[in-house]
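Residue numbers (our numbering): 28 to 220. The block underneath contains the structure these notes are about, expressed in C-alpha cells.
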Amino acid sequence: MTFYDLILKRRTIRRFKEKKIPYQILERCVNAARLAPSVANLQPCEYLIIDGEDLLDQVFPTLGWAGYISDGTPPPAEAPTAYIIVLINKEIKAPKYRYDVGFGVENMLLTALEEGIGSCCFASIDRDRLRKNLNIPQKYVIDLVVALGYPNEAPVEEKLKESVKYWKDEHGVLHVPKRELKSILHRNIIASH
Ligand SMILES: Cc1cc2nc3c(=O)[nH]c(=O)nc-3n(C[C@H](O)[C@H](O)[C@H](O)COP(=O)(O)O)c2cc1C
C-alpha cells in the first residue's frame, strides 16, 4: 500500500479487538510524531504511552466518545488497548504548540495504520480527572489523547450532502461525510458562485 493509499484508507476507529499492541509499535508511533515539523523547532510535545491493563481503565471514562451519535461509546470488550497522551511541556514557551500537535499526531496515526492499527483522537477529555488518575504533573498541558487498537469496525467515507454529522446505518457501519474535492479546491482564483 502506498503512503497516499494509507491516507485515503484512514478513518477514525472507535471499536477495537481485544488484542494487545506490541510496545515497539507504540514507541514507533511516538518516534514518528517526534520527527514532525515544529514551529521554531521548539518541540514542546511529550508523549505518555498507556498500555498497562489497570491504567487503561483510568483513561477510558475521561473521554467523550462520538458526540454526533447515541451509541458512540464502545462496550468494554471493544475498548482501546492503548493510549498515547500528547502533553505540552509548559517550561518550553511555545504558544503555537497546536500546530506541532497536529503535524505530530497525523504522523502517529498513519504509522499506526501501516501496522494495521486503528485510532481515534480525543479533544473532549475530562482533563482534571485524567491528570488526577495518572498523576500527570502541572507542568504539562494535557492537549490530546489518541486511542489505539486493532479495528473491529470499518467506517466508510461518504459524500457530504447537507450535514457534517457522521451516522451509523442499520448494519452498524459508521458513515463519515467528507466535503468533495471540487468544493474545497481552488486554482489561481476563487471563483464567485
Ligand atoms: C483534534 C481532534 C479532536 C477530536 N476529538 C474527538 C473526540 O473528542 N471524540 C471523538 O469521538 N472523536 C474525536 N475526533 C475524531 C473526529 O470526530 C473524526 O476525525 C471526524 O469525525 C472525521 O472522521 P475521520 O477521522 O474518519 O475522517 C477528533 C478529531 C480531531 C482531529
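The beta carbon of each residue, even a glycine, is placed where N, CA and C say it ideally should be. Keep in mind that this is a model prediction, so the values were computed, not measured.
Residues near residue i by beta carbon distance below 7 Å, same chain, minus five either side
i	result
V66	A121, K123, Y126 and D127
Proximity test, residue i beta-carbon vs ligand 1 heavy atom, cut-off 7 Å
i	result
Y193	yes
G145	no
F43	no
V183	no
V203	yes
C56	no
R38	yes
G91	yes
F30	no
C148	yes
Given residue i as reference, the closest of the options once Cα atoms are compared
i	options	result
F30	H202, T138 and D155	T138
P34	I163, L136 and R61	Looking at the sequence itself, residue 34 is Ile, so the reference to Pro does not match. For the residues I163, L136 and R61, the minimum Cα distance to I34 belongs to L136.
S151	P64, G145 and V173	V173
G91	R61, I112 and C148	C148
E197	D98, L140, P103 and K47	D98
P107	K192, L175 and L212	L175
V57	K44, L114 and N68	L114
P164	K205, S146 and E118	E118
Sequence-distant residues of its chain with Cβ nearer than 6 Å to residue i (five each side left out)
i	result
R42	P101, E105, N179 and E180
Residue i burial status per 10 Å Cβ neighbour count (16 or more: buried)
i	result
R156	exposed
N134	buried
Pick out the complete beta strand (DSSP E) segments inside the segment 60–106, 3 residues or longer, and give them in chain order. The qualifying runs are 72–77.
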